[in-house]
Amino acid sequence: MENCKEYLSRVLGAALRGCCGLADAEPNVIGASRPEFGDYQANGVMAAAGRCGRKPRELATAVVAALADREGWIASAEVAGPGFINIRLDDRALLARGNEALAQPRALIPPARKRQKVVVDHSSPNLAKEMHVGHIRGTVIGDCLSRVFERLGHEVTRQNHVGDWGTQFGMLIAHLRGRGGDSGALEAELADLEGFYRDAKNRFDSEPEFAARARASVVKLQSGDPEYLAAWRRFIDESLRHCQRIYQRLDVGLTLADLDAESRYNDDLAGIIRELDEKGLLRESEGARCVFPPEFHGKDGEPLPVIVQKSDGGYLYSTTDLAAVKLRAFELKADRSLYVVDARQSLHFQQVFAVARMAGMAPETLSLEHIAYGTIMGQDGKPYKTRTGDAVKLADLLDEAVARALTLVTGKNPGLEEGERRRIAETVGIAAVKYADLSKNRMSDYVFDWATMLSFEGNTAPYLLYACTRIKSLLRRSGDGGRSGGMARLAAPEERALLLKALQLPEVVDVVARECYPNLLCNYLFELAGAFMRFYESCPILTAEAETRDSRLALARLAEEALEQGLGLLGIGTLERM
RNA sequence: GCGCCCGUAGCUCAACCGGAUAGAGCAUCGGCCUUCUAAGCCGGUGGUUGCAGGUUCAAGUCCUGCCGGGCGUGCCA
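In the working numbering, the protein residues as written are 2 to 579.
Below, the structure is given as structure tokens:
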């Protein structure tokens with residue numbers, strides 16, 4: 002089923018091309034910039050008029066006259082200003098589409114025309130440390146995008162490219178091995194990954210003898226020494242348990258099956274070097290083996306190398322990523338490979354992508370996309386730290402969010418039994434934290450602030466959840482759940498605005514899938530919830546006479562569908578009451 | 001030095017391949033609970049979109065140059 006924007010683009014596009022004779026003219030249909038202009042507007046006529054040498058308003062008039070609105074969606078199309086075409090949709094067409102969506106809720110977001118294989122690399126924590134607030138971005142953005150692609154019918158492979166093979170593991174193993182027998186105490190110690198890492202790092206920096214053992218441990222580990230592998234495995238397992246607890250609490254879809262750890266590629270790295278060499282791309286420079294993609298330059302215009310093997314023979318992040326590109330290209334046969342990774346690694350990915358193309362490790366048909374996001378900053382404009390200099394642990398942030406939500410729900414709704422209040426607080430607190438991140442443009446650097454992160458008013462998850470609970474309460478009280486009939490009339494402007502907004506969900510989802518900006522979905526859902534709130538405040542429902550009541554209940558149900566499906570794509574579940 | 005990102009209301013952020021009078025939230029001021037959940041709704045205050053040019057019917061958006069900030073820039077990831 003076409004959405005409104007697609008239909009208008011098609012119909013207006015055909016008329017425009019017919020009138021101006023330009024085969025590639027686009028009507029450029031967008032939502033109306035002001036409600037008094039109508040529902041949608043076409044901005045493309047003026048550009049087309051410029052190209053074919055006609056007067057914009059005259060061409061716009063011709064386009065309106067040539068419209069072939071076969072499905073009868075358009076109530077009016079008017080030329081305005083310098084050559085805009087303002088469109089108002091027909092109320093009966095809107096009602097018909099709304100009722101269709103009610104009868105078949107999945108149809109609210111139709112599948113994409115072309116099914117693709119999409120790899121979403123996200124979260125990717127370093128297993129040497131505990132997850133901190135910085136990890137929420139990639140984790141939650143990647144999860145949202147994965148859900149969007151899945152919902153559109155694409156075949157999604159989530160990958161969690163955890164860092165489990167770097168040099169710091171030698172340090173940790175050396176520290177771990179020094180602890181010896183008492184496994185109970187050790188487990189307790191490992192539960193505080195951050196503290197364990199800090200202790201190991203301190204020893205590494207202050208005890209030369211320890212540092213030497215740490216380096217030796219890396220060599221032992223990477224050469225496959227069983228004892229060192231076992232120690233490593235123990236550490237990794239504990240760290241992964243910690244990650245999974247966070248993922249479950251965040252309701253993020255990543256599981257152990259999605260692991261695509263660095264260590265997995267250990268045996269492929271020599272082959273990557275060989276392949277680059279065979280293709281004549283490898284050059285030795287200052288003792289390291291490098292590839293020089295022509296488009297990168299360093300100081301003084303010197304060619305900038307992508308080092309793939311260190312002078313001591315060790316491999317690098319780039320090498321591993323090349324192996325990962327190959328897997329995604331040739332084994333997973335991906336159409337799109339997304340890397341939801343901090344923007345600071347943007348040069349790294351440009352380089353990896355360039356080398357992969359040069360070496361034929363990524364076919365032209367594979368779209369490699371770095372879905373970059375900004376850094377989390379403190380109030381002082383520098384990367385966020387607590388007083389002790391550590392990053393805030395993600396687990397602590399979530400605890401705080403849930404605690405604050407519990408205080409609030411207890412104050413608002415003391416009558417609820419404690420178990421339910423706790424469940425509500427868990428959902429509301431976690432949702433607030435996720436939404437605070439998802440609702441910001443991912444490219445912006447992000448100022449971490451407890452107050453912003455844990456706000457429950459305004460453009461926040463609780464606002465959206467509250468709209469849902471109001472709808473659910475209505476449906477509970479209505480007895481028949483509003484399922485008796487469909488929408489029959491649009492008496493108040495708030496009804497029409499809500500219906501139109503609800504029907505626009507698929508338009509937003511398409512953009513999110515294309516551009517990978519979850520905040521666009523958040524913006525939309527906030528507007529949708531606002532449209533419902535205004536409808537709710539101005540239109541009596543349960544007390545209205547029968548026909549109006551049923552029609553409004555059906556509209557409320559449609560709003561709930563759109564809200565719930567949209568929130569679902571953000572990875573936020575709804576509540577019966579709060 | 002070079003490269004990437006950014007600069008919008010007191011604060012945090014929007015603004016859909018350039019579109020009509022730049023929008024929200026927080027804060028602040030005022031109104032709305034004997035009717036469907038006030039985590040809400042309605043209204044007010046608040047802007048030379050960092051500065052200066054340019055491109056065109058139209059610029060927060062594109063181009064150039066400054067100013068300010070963040071990040072990156074050969075053997076970490």
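Glycine included, C-beta positions come from ideal geometry on N, C-alpha and C.
Remember, it's a predicted structure, so these values are computed and weren't measured experimentally.
> What residues match up with Leu-118 in a beta bridge as DSSP calls it?
Replying inline: Start at 1 with the first residue of the first sequence, and residue 118 comes out as number 117. Contrary to the premise, residue 118 reads as Lys rather than Leu in this sequence. DSSP lists Glu-156 as partners of Lys-118.
> Can you list the alpha helix (DSSP H) stretches of 4 or more residues lying completely in the region 392–460, in chain order?
Replying inline: 395–413, 419–439, 451–454
>> Please report the distance separating the alpha-carbon of Val-46 from that of Glu-27.
In response: Numbered from its first residue, the first sequence carries residue 46 at position 45. Numbered from its first residue, the first sequence carries residue 27 at position 26. Going by the C-alpha atoms only, they are around 8 Å apart.
> What is the DSSP secondary structure of Asp-343, counted as helix, strand or coil?
Replying inline: On the first sequence, residue 343 is found 342 positions in, with the first residue counted as 1. Reduced to three states, the DSSP call for Asp-343 is strand.
>> Using the three-state DSSP reduction, which class does Gly-361 fall into: helix, strand or coil?
In response: Here residue 361 refers to the residue found at position 360 of the first sequence. Three-state DSSP puts Gly-361 in coil, outside helix and strand.
>> Out of Arg-275, Thr-321, Pro-126, Leu-526, which one is the CA nearest neighbour of Ser-240?
In response: In the first sequence, residue 240 corresponds to position 239, counting from 1. Checked all of Arg-275, Thr-321, Pro-126, Leu-526; the closest Cα to Ser-240 is Pro-126.
> Under 8 Å between the Cβ atoms of Val-253 and Val-141?
Replying inline: By 1-based counting over the first sequence, the position of residue 253 is 252. By 1-based counting over the first sequence, the position of residue 141 is 140. For Val-253 and Val-141, yes; Cβs fall inside 8 Å.
> Cα-Cα, which of Ala-392, Ala-557, Ala-532 is closest to Ser-474?
Replying inline: Counting from 1 along the first sequence, the entry for residue 474 is found at position 473. When only C-alpha atoms are compared, the closest one is Ala-557.
>> Is it buried or exposed, Asp-206, if we count other Cβ atoms within 10 angstroms and call 16 or more buried?
In response: The residue labelled residue 206 in the question sits at position 205 within the first sequence. By the 10 Å Cβ count, Asp-206 comes out exposed.
> Looking at the unbroken alpha helix (DSSP H) that takes in Ser-218, where does it start and where does it end?
Replying inline: Position 217 of the first sequence, counted from the start, is the residue given in the question as residue 218. Segment 209–223, the alpha helix (DSSP H) holding Ser-218.
>> Taking the alpha carbon of Glu-516 as the reference point, which residue from Phe-170, Glu-370, Glu-538 has its own alpha carbon closest?
In response: Numbered from 1 along the first sequence, position 515 holds the residue referred to as residue 516. The residue from Phe-170, Glu-370, Glu-538 with its alpha-carbon nearest to that of Glu-516 is Glu-370.
>> Using DSSP's beta-bridge definition, name the partner residues of His-133.
In response: Sequence index remark: in the first sequence, residue 133 carries index 132 (1-based). Answer by DSSP bridge pairing, in chain order: Lys-394.
>> DSSP three-state label for Tyr-316, please.
In response: Numbered from 1 along the first sequence, position 315 holds the residue referred to as residue 316. Three-state DSSP puts Tyr-316 in a strand.
> What span of residues does the beta strand (DSSP E) with Glu-370 cover, start to end?
Replying inline: Counting from one through the first sequence, the residue named residue 370 turns up at place 369. Run containing Glu-370: 368–374, per the beta strand (DSSP E) assignment.
> How many angstroms separate the CA atom of Asn-102 from the CA atom of Leu-559?
Replying inline: As a working note, residue 102 is residue 101 in the first sequence. As a working note, residue 559 is residue 558 in the first sequence. Reading the sequence as shown, one finds Ala at residue 102 and not Asn. Approximately 7 Å between the Cα atoms of the pair.
>> Measuring straight from C-alpha to C-alpha, what distance separates Ser-312 and Ser-286?
In response: Looking up residue 312 in the first sequence gives position 311. Looking up residue 286 in the first sequence gives position 285. As the crow flies, the alpha-carbon of Ser-312 is around 9 Å from that of Ser-286.
> If we call anything under 8 Å between Cβ atoms a contact, is Asp-343 one with Gly-139?
Replying inline: Counted from its first residue, the first sequence places residue 343 at position 342. Counted from its first residue, the first sequence places residue 139 at position 138. Yes, the Cβ-Cβ distance between Asp-343 and Gly-139 is below 8 Å.
> With C-beta atoms as the reference, is Gln-42 less than 8 Å away from Ile-75?
Replying inline: Here the question's residue 42 lines up with position 41 in the first sequence. Here the question's residue 75 lines up with position 74 in the first sequence. No, they are not a contact pair.
> Between which two residues does the alpha helix (DSSP H) harbouring Leu-521 extend?
Replying inline: Stepping through the first sequence from its first residue, residue 521 is reached at position 520. Leu-521 -> alpha helix (DSSP H) spans 519–539.
>> Taking the alpha carbon of Val-121 as the reference point, which residue from Arg-114, Ala-104, Ser-147 has its own alpha carbon closest?
In response: As a first step, residue 121 must be located in the first sequence, where it is residue number 120. Comparing alpha-carbon positions, the option among Arg-114, Ala-104, Ser-147 lying closest to Val-121 turns out to be Ser-147.
> Mind checking whether Leu-504 and Cys-5 have CB atoms under 8 Å apart?
Replying inline: Stepping through the first sequence from its first residue, residue 504 is reached at position 503. Stepping through the first sequence from its first residue, residue 5 is reached at position 4. Their beta carbons are under 8 Å apart, which means Leu-504 touches Cys-5 by this criterion.
> Closest to Gln-105 by CA distance: which of Glu-562, Arg-275, Gly-480, Gly-574 is it?
Replying inline: Reading the first sequence from its first residue, position 104 is the one you call residue 105. Residue Glu-562 is the option with its Cα nearest to Gln-105.
>> Using C-beta distances below 6 Å, list every residue in its chain close to Gly-39, excluding the 5 sequence neighbours before and after it, in chain order.
In response: The residue given as residue 39 occupies position 38 in the first sequence. The beta carbon of Gly-39 is closer than 6 Å to those of Ala-33, Asn-87, Ile-88, Arg-89 in its chain, skipping five residues each way along the sequence.
> Considering only C-alpha positions, which residue in the set Pro-36, Tyr-525, Gln-249, Phe-350 is nearest to Glu-592?
Replying inline: Because the chain here runs from 2 to 579, residue 592 falls outside it and cannot be looked at.
> Distance, Cα to Cα, Thr-470 vs Glu-565?
Replying inline: Indexing the first sequence from 1 puts residue 470 at position 469. Indexing the first sequence from 1 puts residue 565 at position 564. Roughly 11 Å separates the two Cα atoms.
> Where does Val-223 land, buried or exposed, given buried means 16+ other C-beta within 10 angstroms?
Replying inline: Here residue 223 refers to the residue found at position 222 when the first sequence is read from its first residue. Per the sequence shown, residue 223 should be read as Gln rather than Val. Buried.
> With distances taken between CB atoms, is the gap from Ala-396 to Ala-426 smaller than 8 Å?
Replying inline: Within the first sequence, the letter at position 395 stands for residue 396. Within the first sequence, the letter at position 425 stands for residue 426. Cβ distance not < 8 Å, so Ala-396 and Ala-426 don't count as in contact.
> Who are Glu-79's beta bridge partners in DSSP?
Replying inline: For the purposes of this step, residue 79 is identified with residue 78 of the first sequence, where counting begins at 1. Beta-bridge pairing links Glu-79 to Asn-87.
> Mind checking Trp-451: buried by the 16 CB within 10 Å criterion, or exposed?
Replying inline: Residue mapping note: residue 451 aligns to position 450 of the first sequence, counting from 1. Exposed, since its Cβ has fewer than 16 Cβ neighbours within 10 Å.
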